[in-house]
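Chemist:
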Amino acid sequence: MNQLWRHRIILILIVSLFASIPLLYALNGYRAISKLTEEMHRQDIPMIKQVDELIEHNRDRANAVRGLLLYEDERYIEQYYFSTSKVHDLRRLLNASNQTPGAIKDLLLRNSAWEEEIEEVFTVYETDHPQNAKKLAMQTTQTTQTILEDLSQIKEKLYRELEQKLELTTELTANYKRMCISLSILSFLLIAATIFLSKLDENTPTSKRSGRNPSASGR
1 MNQLWRHRII LILIVSLFAS IPLLYALNGY RAISKLTEEM HRQDIPMIKQ
51 VDELIEHNRD RANAVRGLLL YEDERYIEQY YFSTSKVHDL RRLLNASNQT
101 PGAIKDLLLR NSAWEEEIEE VFTVYETDHP QNAKKLAMQT TQTTQTILED
151 LSQIKEKLYR ELEQKLELTT ELTANYKRMC ISLSILSFLL IAATIFLSKL
201 DENTPTSKRS GRNPSASGR
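Note that full-length UniProt numbering numbers the sequence shown so that position 150 is 150, with each residue one more than the last.
This is the structure:
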């Protein structure tokens with residue numbers, strides 16, 4: 001009887017072991033996918049939004065300068081400084097983050113140099129020299145366009161990296177799903193086999209398990 005119980009305990013342990021394999025594998029996959037998803041939500045998506053806002057406000061500032069010099073309407077000055085304050089807020093956030101790519105920080109430095117040029121344009125304009133301000137602003141047009149194009153390229157690169165991570169997450173999910181199903185089927189077969197062997201062990205006569213001949217006991 002003790003041997004029978006030892007067999008049963010061993011079978012229970014084997015069944016528990018194989019039954020836990022799909023669960024452990026699924027938990028490992030969940031951690032990997034959760035890590036990628038968290039990284040996208042915590043780092044990639046906010047970074048793309050900030051770069052997109054940076055492009056938008058820089059474009060608004062450039063349009064404000066053009067509008068001021070074209071229509072000589074000083075309301076464009078307010079628009080410029082409003083957009084500039086937004087750019088400064090984004091610049092502080094991006095420069096303070098260790099996750100900000102070096103290419104973006106380099107562009108922020110160039111953006112600061114461009115601001116100094118625009119400040120000079122406003123200074124000349126406010127000293128009643130609109131024509132001189134227009135000539136000076138034309139010199140900054142190429143700088144403005146280059147900065148906007150570079151920011152757009154960085155945003156596209158960030159989008160491509162995000163898409164790659166999304167594809168990787170989808171692929172991992174599919175792989176873990178297939179593996180979990182396969183492991184579950186394998187575990188089920190192994191559990192069924194162990195239960196079948198356990199039933200055989202229970203149905204085996206005591207005399208055969210002990211190796212004794214019943215007729216020998218009557219002598």
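In this text, a Cβ means the ideal position worked out from N, Cα and C, and glycines have one as well.
DSSP three-state call for Glu74: helix, strand or coil?
Modeler: coil
Chemist: Which of the three DSSP states is assigned to Thr127 in this structure?
Modeler: coil
Chemist: Is it the case that the segment 19-31 contacts the segment 161-180, given that we only count it when at least three CB pairs across the two stretches are under 8 angstroms?
Modeler: Using a Cβ-Cβ distance cut-off of 8 angstroms, the segment 161-180 and the segment 19-31 are in contact, since at least three pairs of beta carbons, one from each stretch, lie closer than that value.
Chemist: Within 10 angstroms of its Cβ, does Tyr80 collect 16 or more other Cβ (buried), or is it exposed?
Modeler: buried
Chemist: Would you identify the three-state DSSP class for Gln142, choosing helix, strand or coil?
Modeler: helix
Chemist: Would you call the CB atoms of Asn95 and Leu107 closer than 8 angstroms?
Modeler: It is not a contact, given that the beta carbons lie outside the stated cut-off.
Chemist: At what residue ranges does the segment 33-106 contain a whole run of the alpha helix (DSSP H), taking only runs of 4 or more?
Modeler: Those alpha helix (DSSP H) runs which fall completely within the segment 33-106 and span 4+ residues are 45-71 and 75-96.
Chemist: Kindly give me the distance between the Cβ atoms of Met40 and Lys155, rounded to whole angstroms, as I take these residues to be in contact under 8 angstroms.
Modeler: The pair is not a contact, with the Cβ atoms about 15 angstroms apart (cut-off 8 angstroms).
Chemist: Quick one: measure Cβ to Cβ for Ala133 and Leu69, integer angstroms, because I've assumed they're closer than 8 angstroms.
Modeler: 6 angstroms
Chemist: With burial defined as no fewer than 16 other Cβ atoms inside 10 Å of the residue's Cβ, what is the status of Ile10: buried or exposed?
Modeler: exposed
Chemist: Write down the C-beta distance between Leu148 and Ile55 rounded to the nearest angstrom, noting that I regard them as a contact closer than 8 angstroms.
Modeler: 6 angstroms
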